[in-house]
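Just below is one structure, and these are the notes that go with it.
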Amino acid sequence: MRHVSTSHAQSFKPLSLMLALGFLMVSCQSVPKTAGAHDHDIVLTTPKDRDRHQESLEVKIVEVPRAMVKSCGVLFSSTAGSGSCVVDAKSQSLMLRKMLASGHAKTTSYPRMVTRDYREVTIRSVVNIPFTDAEGKAQSVPAGLCMTLLPHRQAHDQIRLKVGITDSAQTGRTMVKGHPCPVIESHVFNQSFDLPPGSSAAIAMPCARKDGKNRAMVFLVTPGLD
Numbered sequence: 051m052r053h054v055s056t057s058h059a060q061s062f063k064p065l066s067l068m069l070a071l072g073f074l075m076v077s078c079q080s081v082p083k084t085a086g087a088h089d090h091d092i093v094l095t096t097p098k099d100r101d102r103h104q105e106s107l108e109v110k111i112v113e114v115p116r117a118m119v120k121s122c123g124v125l126f127s128s129t130a131g132s133g134s135c136v137v138d139a140k141s142q143s144l145m146l147r148k149m150l151a152s153g154h155a156k157t158t159s160y161p162r163m164v165t166r167d168y169r170e171v172t173i174r175s176v177v178n179i180p181f182t183d184a185e186g187k188a189q190s191v192p193a194g195l196c197m198t199l200l201p202h203r204q205a206h207d208q209i210r211l212k213v214g215i216t217d218s219a220q221t222g223r224t225m226v227k228g229h230p231c232p233v234i235e236s237h238v239f240n241q242s243f244d245l246p247p248g249s250s251a252a253i254a255m256p257c258a259r260k261d262g263k264n265r266a267m268v269f270l271v272t273p274g275l276d
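If you read the sequence shown in this note's numbering, its first letter stands for residue 51, the second for the next number, and so on.
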């Protein structure tokens with residue numbers, strides 16, 4: 051495994067699923083089967099194509115109080131519960147400084163990734179939650195963050211960036227045929243952005259964690275040309 055203005059309507063689907071209903075995180079592939087094991091990696095998932103241009107991607111994730119998101123310029127949809135916008139370099143810098151200056155922000159930055167044009171990158175940070183199924187067999191289910199990025203160069207160095215995010219967490223347990231099984235809540239975001247040179251996609255979505263009810267994650271994704 052190798053490590054590495056909006057055009058489509060967004061889709062945000064909060065889910066609260068029990069294992070009895072067959073919870074699957076389809077967007078996250080190759081999750082380790084060892085119970086309790088962590089998986090945190092960056093994966094290229096599509097074939098090589100040396101004739102395609104190289105693209106770079108930078109990702110910053112900032113967790114802040116949900117009430118602060120609007121003041122940073124990212125508006126939550128009243129129906130979908132998530133929000134997104136396109137920001138230039140100056141606006142992104144101001145947004146970051148405002149969030150960090152609050153003293154309530156937690157940040158995660160991923161190293162700069164280089165991929166090929168129209169070649170998907172997957173960022174994954176998950177933990178496997180062990181449980182015993184109805185037949186008494188040991189099983190595990192993944193929970194955490196899975197993010198896919200697909201850049202495609204357009205005319206005038208504009209980048210069309212397809213972003214998919216799944217954030218899931220255990221929010222409780224329920225009994226299934228006498229066995230305690232984890233209840234998993236997932237938040238899903240899918241959207242494509244048309245990004246002029248030097249701009250970034252800013253995405254906000256609620257935290258799936260039980261203790262993150264009043265907090266949100268802001269994703270800043272910046273593509274570039276290599």
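Quick reminder that beta carbons are idealized off the backbone N, C-alpha and C, glycines included.
Quick caveat: nothing in here was measured; it's all calculated off a predicted structure.
query = Can the beta-carbon of Ile-209 be found closer than 8 Å to that of Leu-245?
reply = Cβ distance < 8 Å, so Ile-209 and Leu-245 count as in contact.
task = Report yes if the C-beta distance between Leu-270 and Ser-242 is below 8 Å; otherwise report no.
result = The answer is no: Cβ separation not under 8 Å.
request  = Keeping to the same chain, check which residues put their C-beta closer than 6 Å to that of Leu-200; ignore five residues upstream and five downstream.
outcome  = Excluding five sequence positions before and after Leu-200, the CB atoms of its chain that fall closer than 6 Å to its own CB belong to Glu-170 and Lys-212, given in chain order.
ask   = Can you tell me the Cα-Cα spacing of Pro-273 and Leu-107, whole angstroms?
value = Taking C-alpha positions only, Pro-273 is separated from Leu-107 by approximately 4 Å.
ask   = What's the call for Ser-134, buried or exposed, on a 16-neighbour Cβ count within 10 Å?
value = Buried: at least 16 other Cβ atoms inside 10 Å.
message = Report the start-end ranges of each beta strand (DSSP E) in the region 101-170 that is 3 residues or longer and not cut off at the edges.
response = You should have 104-115, 133-137 and 156-166.
inquiry  = Along the chain, where does the beta strand (DSSP E) containing Ala-184 start, and where does it finish?
reply    = Here Ala-184 belongs to no beta strand (DSSP E), and DSSP marks it neither H nor E.
request  = Could you round the C-beta distance between Glu-105 and Thr-172 to whole angstroms and report it? I think they count as a contact, below 8 Å.
outcome  = The C-beta distance from Glu-105 to Thr-172 rounds to 15 Å, too long to fall under 8 Å, and the pair is not in contact.
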